[in-house]
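Contents: one structure, followed by commentary.
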């Protein structure tokens, strides 16, 4: 009976749908960068995640009966990592380009084995370390100026990548213990609550004139499609493909961020920056393919990187 169920969707169909999810995430960088020109970052994030959480809370239905105190605690723990990631990413977008932010955010995948090395003393394979070295070299080419200084926005987004890498690692430790829908709802609401609190103390009161067309467009793209629906699509279609293929598909997110940045925002990359971006992508792919055999848990965690809509 299980085989009949899993045969309904071909691996190619699942991969194409997951690729469309990565494309949506890539497109959010430009939309959010435009929105935060009119609305403070914390205010925008609070509204975005409240809408996303409310949507999932409504469709969760009877799943709420399985909610436990441990799920709430772990959800808020993961939500703290997400909050750090989204806050740094969204604020960083005020000072850097969407294409730079996309490539730097993608580094979160290669940071997972480093976190495992520090926390669990699991020494990564040499091939994984080679992939990390490639990605870091590419990061330097992408972000460092001629006088070896780094754009403050790029530095903030790098902090975002570290937060997302920690989130991936911690998610691999706790997701198997809880209903994934409820755990995600707790994370999303935790981000919304934290952003609301920070917005109250750091941003002016919400005003009607902040809701420009750019803000509505960004909310329409990020709240439900790039957060709620993207999560549901991944949770459903990932079972028809492999975790490694899912992770590699999601690694195309920076490429889509670059494409949308050039097409919609008129952004450009220097030859050095383009080579750096290629090295970042190559490092992610090398680390992911070699690291796939280390453990099922770590591999699954990497594939779940975007489960809660990690893109801006």
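Residue numbers (my numbering): 13 to 324. Glycine residues also receive a C-beta, built at the ideal position from the N, C-alpha and C atoms. These numbers were taken from a predicted model, which means no experiment stands behind them.
Taking the Cβ atom as the reference point for each residue, do residue 154 and residue 285 lie within a distance shorter than 7 Å? In contact: residue 154 and residue 285 (Cβ atoms closer than 7 Å).
Per-residue burial, residue 60 [other beta carbons within 10 Å of its own, 16 or more giving buried]: buried
For residue 196, tell me which candidate among 94, 37, 300, 126 has the shortest Cα-Cα distance. 94
Quick one: what does DSSP say residue 162 is sitting in, helix, strand or coil? Reduced to three states, the DSSP call for residue 162 is strand.
Starting from the Cα of residue 143, find the closest Cα among 171, 161, 176, 124 and give me that residue. 124
Using beta-carbon positions only, say whether residue 127 and residue 299 come within less than 7 Å of one another. no
Close Cβ partners of residue 200 (< 6 Å) along its chain, the five nearest in sequence each way excluded: 61, 64, 65
Taking the alpha helix (DSSP H) that residue 49 falls in, what are its first and last residues? Residue 49 -> no alpha helix (DSSP H), and no H or E assigned at all.
Could you compute how far the alpha carbon of residue 164 sits from the alpha carbon of residue 131? 28 Å
One or two residues paired with residue 156 in a DSSP bridge: 162
Would you tell me roughly how many angstroms separate the C-alpha atoms of residue 289 and residue 81, rounded to the nearest one? 42 Å
Buried or exposed for residue 96, going by 16 or more other Cβ atoms inside 10 Å? buried
Excluding the 5 residues flanking residue 218 on each side, which residues of the same chain have their C-beta closer than 7 Å to its C-beta? 55
Look at residue 183 and residue 88 and say whether their C-beta atoms are less than 7 Å apart. no
Do you know how far the Cα of residue 109 is from the Cα of residue 273? 8 Å
Using a C-beta cutoff of 7 Å, does residue 140 count as contacting chain B? Any reference to chain B falls outside this structure, which holds one protein chain only.
One question on the structure: do residue 192 and residue 36 come within less than 7 Å of each other, judged by their Cβ atoms? no
Are residue 111 and residue 270 closer than 7 Å when you measure CB to CB? yes
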